[in-house]
Amino acid sequence: MSAPHITIGRIGEHAGETITLKGWLHNRRSSGKIHFLVVRDGTGFVQVVMGKNDVGEEVFQRADHLGQESAVIITGVVRADARAKGGYEVVASGLEVVSAAHDYPITPKEHGVDYLLDRRHLWIRAERQTAILRVRHEVINAVRDFFNGQGFILADTPIFTPAACEGTTTLFPVQYFEDTTAYLTQSGQLYNEANAMALGRVYCFGPTFRAEKSKTRRHLTEFWMVEPEMAYADLNDVITLAEGLVTSVVARVLDRRAAELKVLERDTSKLEAVKAPFARLHYDEAAKILLDKGLPFQIGGDLGGTDETVLSEQFDGPVCVTHYPAAIKAFYMKPDPQEPDKALCVDVLAPEGYGEIIGGGQRLDDLDLLLQRIKEHDLPQEAFEWYLDLRRYGTVPHGGFGMGIERVVAWICGLEHVRETIPYPRMLYRLYP
RNA sequence: UCCUCGGUAGCUCAAUGGCAGAGCAUCCGGCUGUUAACCGGAGGGUUGCUGGUUCGAGUCCAGCCCGAGGAGCCA
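Numbers given in my numbering equal positions in the first sequence, counted from 1, plus 533.
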């Protein structure tokens, strides 16, 4: 067992060599005097061929009774073989059983969603799940590299917050020592604005919490959001930044995670079509399209899930919907001077019916108007004094957006539900494992 | 919170109101190129819970519990 340890992900670099694999038994087939052991090690899956004559009676018998997910160390020769799934297989000469497993609950056949989610800590070992989680990793790194490359400073915002940032959405309260209630953040937005006034261009990237009783394929109660914010920026700058981010992330995953997308059977032609600039739709234009299609859309209202799907189907790539009615948007959105009943905001809708992945816009930078909005929204002014200071001391046009990582990953991977895009999804009725 | 669908073997699912079934998994046996391998055999059941109708309920009725999809809201 002195052969060098290699990972399955790089097995192609070792054709003809005697190597060691450290992993787990994923599946086993047998044909009397030859076993086919599918082994995984976290970097990939490979078939190990074990002939009775090559390893001897004792090892051969032991392999015949190994349960799924037994931890094994295999020694053997890497061989290119057209019959192997990844192009390579390992001809075994040795087997060490590190830990024998029995009755692994997730068998190679079908399982229901509830059953799998109850065993999420094991489900993540599946080939599909590891592919998704690698794509998530790539998306997150692509996001960070994009902002870092554009001169943005990572400035994290608090997760314990004293009050609602937007005042509308439901928050998770937590007891903060004896007599104070704190809330888990639902957005780093307001702090981001302060950070932008200090550092120019900033972003925060962390978990966010929403106590909405939403029960759909696009919702988690705990999800990760990246939020950039720029000083001296208008709506156009915000849209350009969003386009740059989305195209850069998609291109990066296509470039570096082709193998994972193949496992997921993703139609990559749809992703290759994602190029800037994106189509732009004024809210009024969007409303016209929906009404022309005969949808029961209320002018002045927000877009529903079906509305978003219909709109995104009109275009190949993502769509930017701008100028929503100010009345249905958050208090910090800046009204358009050209049409004061509309906000300088943008929602980016992903293609193929994946819906909103980005929401943002230009912020209200006028002190008096902001005070008025806080009153209109029935928010306690004293809680926002620090935020109002940003308008008292050197206020400038500024803006930014938030992008939900899980929705982006679900879209890029072509998934039915966001619950598979994070190792341990938190949902309305799921807090375990 | 509302609407729709569902809950039967470890898993995925069948079963006109009339003997509780199959495939996979497990165990035993067979097979030197299998790809969710295949072939033969065995074990495995409080049909989500409570009550009702009936000679007889997995099946019909009522209430409850749990889950899924969707709506609203949002990223």
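For each residue, glycine too, the CB sits at the ideal point set by N, CA and C.
Buried or exposed by the 16-neighbour rule on C-beta atoms within 10 Å, applied to residue i
{"i": "Thr701", "result": "Note that Thr701 scores a pLDDT of 47, beneath 50, so its modelled location is shaky; the value from the coordinates is reported in the next line. Its Cβ having fewer than 16 others within 10 Å, Thr701 is exposed."}
{"i": "Gln594", "result": "exposed"}
{"i": "Tyr709", "result": "exposed"}
{"i": "Trp919", "result": "exposed"}
{"i": "Pro641", "result": "exposed"}
{"i": "Gln722", "result": "buried"}
{"i": "Ile832", "result": "exposed"}
{"i": "Glu915", "result": "exposed"}
{"i": "Lys867", "result": "buried"}
{"i": "Asp835", "result": "exposed"}
{"i": "Lys908", "result": "exposed"}
{"i": "Asp800", "result": "exposed"}
{"i": "Asn725", "result": "buried"}
{"i": "Gln847", "result": "exposed"}
{"i": "Tyr648", "result": "exposed"}
{"i": "Tyr621", "result": "buried"}
{"i": "Ala548", "result": "exposed"}
{"i": "Arg925", "result": "exposed"}
{"i": "Ala625", "result": "buried"}
{"i": "Ala764", "result": "buried"}
{"i": "Thr694", "result": "buried"}
{"i": "Ser845", "result": "buried"}
{"i": "Asn728", "result": "buried"}
{"i": "Glu776", "result": "buried"}
As assigned by DSSP and simplified to three states, the class of residue i
{"i": "Val611", "result": "strand"}
{"i": "Lys795", "result": "helix"}
{"i": "Arg734", "result": "strand"}
{"i": "Arg573", "result": "strand"}
{"i": "Ile657", "result": "coil"}
{"i": "Val766", "result": "Note on residue identity: the sequence assigns Ala, not Val, to residue 766. Ala766 falls in the coil class under three-state DSSP."}
{"i": "Val881", "result": "strand"}
{"i": "Gly721", "result": "coil"}
{"i": "Val951", "result": "helix"}
{"i": "Gly542", "result": "helix"}
{"i": "Tyr709", "result": "strand"}
{"i": "Ala784", "result": "helix"}
{"i": "Lys862", "result": "coil"}
{"i": "Gln895", "result": "strand"}
{"i": "Asp800", "result": "coil"}
{"i": "Asp651", "result": "helix"}
{"i": "Gln662", "result": "helix"}
{"i": "Gly937", "result": "strand"}
{"i": "Ser564", "result": "coil"}
{"i": "Glu602", "result": "coil"}
{"i": "Tyr887", "result": "coil"}
{"i": "Tyr816", "result": "helix"}
{"i": "Lys821", "result": "helix"}
{"i": "Lys808", "result": "coil"}
{"i": "Arg667", "result": "helix"}
{"i": "Tyr920", "result": "helix"}
{"i": "Ala536", "result": "coil"}
{"i": "Phe830", "result": "coil"}
{"i": "Glu622", "result": "strand"}
{"i": "Thr551", "result": "strand"}
{"i": "Arg963", "result": "strand"}
{"i": "Phe679", "result": "helix"}
{"i": "Gln580", "result": "strand"}
{"i": "Pro715", "result": "This sequence places Ala at residue 715; Pro is not what is there. Note: Ala715 maps to strand in three-state DSSP."}
{"i": "Leu844", "result": "helix"}
{"i": "Leu838", "result": "Checking the sequence shown, residue 838 turns out to be Gly, not Leu. Note: Gly838 maps to helix in three-state DSSP."}
Integer Cβ distance of residue i from residue j, believed to fall under 8 Å
{"i": "Thr718", "j": "Thr741", "result": "6 Å"}
{"i": "Asp880", "j": "Ile891", "result": "7 Å"}
{"i": "Arg734", "j": "Ile686", "result": "7 Å"}
{"i": "Arg785", "j": "Ala943", "result": "Arg785 to Ala943, Cβ: 17 Å. No contact."}
{"i": "Leu774", "j": "Gln895", "result": "Going by Cβ atoms, the distance from Leu774 to Gln895 rounds to 12 Å, so no, they are not a contact pair."}
{"i": "Trp570", "j": "Met583", "result": "In the sequence on display, residue 570 carries Leu and not Trp. Contact holds; Cβ gap of about 6 Å."}
{"i": "Ala596", "j": "His568", "result": "5 Å"}
{"i": "Gly932", "j": "Gly893", "result": "7 Å"}
{"i": "Gly927", "j": "Met730", "result": "7 Å"}
{"i": "Glu671", "j": "Tyr637", "result": "So it is not a contact: roughly 29 Å between Cβ atoms."}
{"i": "Ala842", "j": "Leu828", "result": "Checking the displayed sequence, the identity of residue 842 turns out to be Thr instead of Ala. Thr842 to Leu828, Cβ: 10 Å. No contact."}
{"i": "Thr690", "j": "Glu745", "result": "Incorrect: roughly 20 Å between the Cβ atoms, too far for contact."}
{"i": "Ala820", "j": "Val852", "result": "Contact doesn't hold; Cβ gap of about 14 Å is too wide."}
(message) When you compare the segment 897 to 908 with the segment 788 to 796, are there three or more beta-carbon pairs, one atom per stretch, that lie closer than 8 Å?
(response) no
(message) Any contact between the segment 776 to 788 and the segment 797 to 817? By contact I mean 3 or more CB pairs, one from each, below 8 Å.
(response) yes
(message) Check whether the segment 958 to 966 and the segment 752 to 771 touch, using three or more Cβ-Cβ pairs below 8 Å as the test.
(response) Yes, they touch.
(message) Measuring CB atoms only, is the segment 573 to 585 touching the segment 644 to 664, in the sense that at least three cross pairs come out at less than 8 Å?
(response) yes
(message) With a threshold of 8 Å, are at least 3 pairs of Cβ atoms found where one atom belongs to the segment 873 to 887 and the other to the segment 852 to 864?
(response) At 8 Å Cβ cutoff, the stretches touch.
(message) Is it the case that the segment 605 to 621 contacts the segment 537 to 556, given that we only count it when at least three CB pairs across the two stretches are under 8 Å?
(response) yes
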